[in-house]
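Working notes, structure below.
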Amino acid sequence: MKNSKLTIMFLALILTAVLSTSCSSSSAGSSESTNTIIPTSAVVTKITSLSSEELIEEGEYQFESACSGCHGENAKGLPNLGKDLVDSSFVTDINDNALSEFIKVGRSAGDKDNTTGIDMPPKGGNPALSDPDIKAITAFLRSLQK
Ligand code: HEC
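Each number in my numbering corresponds to the 1-based position in the sequence shown with 22 added.
Here is the structure:
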């Protein structure tokens, strides 16, 4: 809710910037439309940094539905189901892309790298999980490690 209020404030800022520029250019009688580019891009940067928090929130939501059944709501793992992902050196040692790729393929019980003899199904067994969903889950897992 906080974030959406901020977003509305930024949108209001953009509007003010655009309106004031268009007013001054119409009174000057010449086209100064390039002026609007500078304030708009500054505001867009702010919105992008806000949405990384929203990405984590989205990831938490996706994690709860697709992963927490085995890894627990806090991602600390559940006995005989899924491993602790917070203190996992496997997770901390790979980059975001590799982590997203891993989530897509999983690690079957027959895989030579499997450590528990239990399946980690591709996408946690939820084929509907999209690339943006997985990116959000990756951001959520990273947020637990800081
Ligand atoms: C059906 C249970 C199950 C579900 C659902 C599941 N996992 Fe897993 N996951 C496992 C198991 C079991 C392992 C351990 C595999 C092994 O023994 O190497 C594992 C391992 C992992 C690992 C590697 C951890 C390490 O230290 O090696 C990651 C990362 C991971 N899961 C992420 C996820 C994410 C993200 C989701 C949701 C999209 C998910 N898992 C859903 C069972 C599950």
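Ideal Cβ placement from N, Cα and C applies to all residues, glycine included.
{"Asked": "Nonlocal neighbours in the same chain, by C-beta distance under 6 Å from Ala161, ignoring five residues either side", "Found": "Leu77, Ile78, Gly81"}
{"Asked": "Any non-hydrogen atom of the ligand HEC within 7 Å of Ala120 CB", "Found": "no"}
{"Asked": "Cα-Cα separation, Phe112 to Gly99", "Found": "14 Å"}
{"Asked": "Residues bridged to Gly104 (per DSSP)", "Found": "Leu100"}
{"Asked": "Rounded Cβ spacing between Lys126 and Pro149 (contact assumed at less than 8 Å)", "Found": "Their Cβ separation, rounded to whole angstroms, is 10 Å, which puts Lys126 and Pro149 out of contact at 8 Å."}
{"Asked": "Glu123, enclosing alpha helix (DSSP H) - first and last residue", "Found": "118 to 127"}
{"Asked": "Heavy atom of the ligand HEC within 7 Å of Ala88 beta-carbon", "Found": "yes"}
{"Asked": "Exposed unless 16 or more other CB atoms sit within 10 angstroms - verdict on Lys157", "Found": "buried"}
{"Asked": "Exposed unless 16 or more other CB atoms sit within 10 angstroms - verdict on Asp153", "Found": "exposed"}
{"Asked": "Residue closest to Leu103, alpha-carbon to alpha-carbon, out of Asp118, Gly91, Asp109, Ser110", "Found": "Gly91"}
{"Asked": "Endpoints, alpha helix (DSSP H) assigned at Lys157", "Found": "153 to 166"}
{"Asked": "Proximity winner among Gly146, Leu151, Gln84, relative to Lys105 (alpha-carbon distances)", "Found": "Gly146"}
{"Asked": "Option in Asp155, Leu107, Phe124, Thr137 with minimal Cα separation from Gln167", "Found": "Leu107"}
{"Asked": "Reference Asp155; option with closest CA among Asp141, Phe85, Ala131, Ser74", "Found": "Phe85"}
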